[in-house]
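Reading through the structure tokens given below for one structure.
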Amino acid sequence: MEDKILTLVTPIAQDYGVEVLKVSLQSGSGTGKVRVFVDAKGGIDSDVLARISRGLALQLDVEDVIAGKYMLEVTSPGLDWPLTMQQDFDRYEGDWVRVLLEDGQALEGENKGLRNGIMSLRTADGKVSDIDLQDTAKIVRAINWKRVSAKKY
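Going by my numbering, the sequence shown opens with residue 903, and the numbers climb by one from there.
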């Protein structure tokens, strides 16, 4: 069923320049939950999320994909979404990330991209390090608080 939902939502998301990251189904007592994670380079706003949600809800009802009641949630992945695939590193290239290495060491810096399984990370001091993905436990986006506090509002 997740594949069917993915087939329905992908063209809707593409109309808004958005990529579908994941579709998940959760069954509950009486009401199931359909969660669709979408994102775009540079982020996604709530208006686009709402439009995708309305379009998908209509398609789900027309195609009668889900029997019974369900709740639909179309959302962005959030900062804690792990970067694991080439598309993730491409989408978030230039973003600040936190890298947890298998040895427990943690690094933060700007994602400079992934090439052949090697991630380039520019730390706050300007040093660029190459990190083999096989040496990482988890990579997620993070907030560069120094950059945020330096901006004037």
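Glycine is no exception: its CB is placed at the ideal position from the N, C-alpha and C atoms.
Close beta carbons around residue i, own chain, < 6 Å, minus the five adjacent residues each side
{"i": "Leu951", "result": "Val976"}
{"i": "Asp1037", "result": "Leu1003 and Glu1004"}
{"i": "Lys935", "result": "Gln928 and Met973"}
{"i": "Asp997", "result": "Asn1013 and Arg1043"}
{"i": "Asp1011", "result": "The sequence shown places Gly at residue 1011, not Asp. If we look at Gly1011 and ignore the five residues flanking it on each side, its Cβ neighbours are Leu1023, Arg1024 and Thr1025."}
Straight-line gap, residue i to residue j (C-alpha atoms, nearest Å)
{"i": "Glu995", "j": "Val1030", "result": "14 Å"}
{"i": "Tyr972", "j": "Leu958", "result": "13 Å"}
{"i": "Ala984", "j": "Ala1044", "result": "A small correction: the amino acid at residue 984 is Pro; Ala does not occupy that position in the sequence shown. Near 11 Å, if we compare the C-alpha coordinates of Ala1044 and Pro984."}
{"i": "Asp949", "j": "Val922", "result": "16 Å"}
{"i": "Lys1015", "j": "Gly930", "result": "Note that residue 1015 is Gly in the sequence shown, not Lys. Cα to Cα, Gly1015 sits roughly 40 Å from Gly930."}
{"i": "Ile1041", "j": "Ser926", "result": "22 Å"}
{"i": "Leu908", "j": "Ala969", "result": "17 Å"}
{"i": "Met987", "j": "Lys924", "result": "13 Å"}
{"i": "Asp1027", "j": "Ser978", "result": "30 Å"}
{"i": "Gly945", "j": "Ile1033", "result": "25 Å"}
{"i": "Lys1048", "j": "Asp947", "result": "24 Å"}
{"i": "Arg956", "j": "Leu1023", "result": "38 Å"}
Close Cβ partners of residue i (< 8 Å) along its chain, the five nearest in sequence each way excluded
{"i": "Ile954", "result": "Val911, Ile914, Ala915, Tyr918, Val920, Val938, Val940 and Val976"}
{"i": "Lys906", "result": "Glu965 and Val967"}
{"i": "Arg993", "result": "Glu921, Asp941, Ala942 and Lys943"}
{"i": "Met903", "result": "Leu927, Val967 and Ile968"}
{"i": "Phe991", "result": "Leu985, Asn1013, Gly1015, Leu1016 and Met1021"}
{"i": "Leu981", "result": "Val1042, Arg1043, Ala1044 and Ile1045"}
Cut-off 7 Å between Cβ atoms - residues of its own chain near residue i, not counting five sequence neighbours on either side
{"i": "Thr933", "result": "Lys971, Tyr972 and Met973"}
{"i": "Ala1039", "result": "Leu1002, Leu1003 and Glu1004"}
Expected contact under 8 Å - CB spacing of residue i and residue j to nearest Å
{"i": "Val999", "j": "Asn1013", "result": "5 Å"}
{"i": "Thr1025", "j": "Leu1009", "result": "7 Å"}
Quick one: complete alpha helix (DSSP H) runs, 4+ long, within the segment 973-1010? Listed in chain order, they are 988-993.
Do the segment 954-965 and the segment 993-1010 make contact, defined as three or more Cβ pairs closer than 8 Å? Verdict: no, contact absent.
Runs of alpha helix (DSSP H) lying entirely within the segment 937-973, each at least 4 residues, in chain order: Inside the segment 937-973, DSSP marks whole alpha helix (DSSP H) runs of 4 or more residues at positions 948-965, from first to last along the chain.
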